[in-house]
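What follows is a set of notes on a single structure, which appears directly below.
Numbering (the working numbering), first residue to last: 748 to 973.
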């Protein structure tokens, strides 16, 4: 059989970029991917800026990114990749089962979300799953989401007025609970401070609250239900 014909029978390996600012962790992930034998690593970075450059220049099938890196965070990279409609699928790695980060990742269209405490082989499983177009979420995080679901259900039962708020209003109320100004909120969700102020007024009206301090106090008290 000629080399040309033989090449037709060789399955093309999926390409992967790895980015994490901890060299030892990155080495473990790289070794697990290489041991698997079904992926080709086309870039490895210790910061977000280099990772994003690799993605835009090399168009890997999957990028495995630490969620919180210097230069550019994994979330920021994911947002840009999806906004630009680049073909790369994203797997985010995190040390913490932070609900807010997870929600943001899912909102922007991230396919994989993995806790770094799992074995490197589990990260490889996540890459396989995401490369096939499916979602992969660490089992421990999935358990946390079930708990979170029950908390939200309890909150909705205890605070039926929250159901009158739109998704944007709930997001703004959560940011208010964190003590953010209208400008900071606007920068976070990409709207003007004036639009934020209008949302504040609508939220206060729907909840029957008067005054910015009263709204802040209310937001802080019910923060865990947002």
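Yeah, the Cβ is synthetic: ideal placement off N, Cα and C, and Gly gets one too.
- In the structure shown, what three-state DSSP assignment does residue 911 receive? Looking at residue 911 - three-state DSSP - the assignment turns out to be helix.
- Message: If distances are taken between C-alpha atoms only, which option among 862, 875, 799, 827 comes closest to residue 761?
- Response: Nearest to residue 761 by C-alpha distance, out of 862, 875, 799, 827, is 875.
- Item | Inter-residue Cα distance where the pair is residue 790 and residue 781 | Using only the alpha carbons, I get a separation of about 13 Å.
- Exposed unless 16 or more other CB atoms sit within 10 angstroms - verdict on residue 981: Residue 981 lies beyond the residue range present for the chain, which begins at 748 and ends at 973; the question has no answer from this structure.
- Task: Starting from residue 768, follow its DSSP beta bridges and name the residues at the other end.
- Result: In the DSSP output, where bridge partners are listed per residue, residue 768 has none listed.
- Task: Using the Cα positions of residue 836 and residue 953, report the straight-line distance between them to the nearest angstrom.
- Result: Taking the straight line joining both Cα atoms gives about 40 Å.
- Query: Which residue spans inside the stretch 834 to 871 form an unbroken beta strand (DSSP E) run of at least 3?
  - Reply: At a cut-off of 3 residues, the continuous stretches assigned as beta strand (DSSP E) that sit fully inside the stretch 834 to 871 are 836 to 841, 859 to 862.
- Closest by CA to residue 969, which one among 957, 878, 816, 920? Out of 957, 878, 816, 920, 920 has the C-alpha closest to the C-alpha of residue 969.
- Message: Checking 9 Å against the spacing of the C-beta atoms, do residue 811 and residue 767 come in under that value?
- Response: Yes, Cβ-Cβ distance for residue 811 and residue 767 is below 9 Å.
- Return the Cβ separation of residue 806 and residue 834 in integer angstroms, given the expectation that the two are a contact with Cβ distance under 8 Å. Correct: roughly 6 Å between the Cβ atoms.
- Query: Between the stretch 820 to 834 and the stretch 911 to 918, are three or more C-beta pairs nearer than 8 Å?
  - Reply: Too few Cβ pairs lie closer than 8 Å, so no.
- Query: What do you reckon, are the CB atoms on residue 860 and residue 841 nearer than 9 Å?
  - Reply: Yes.
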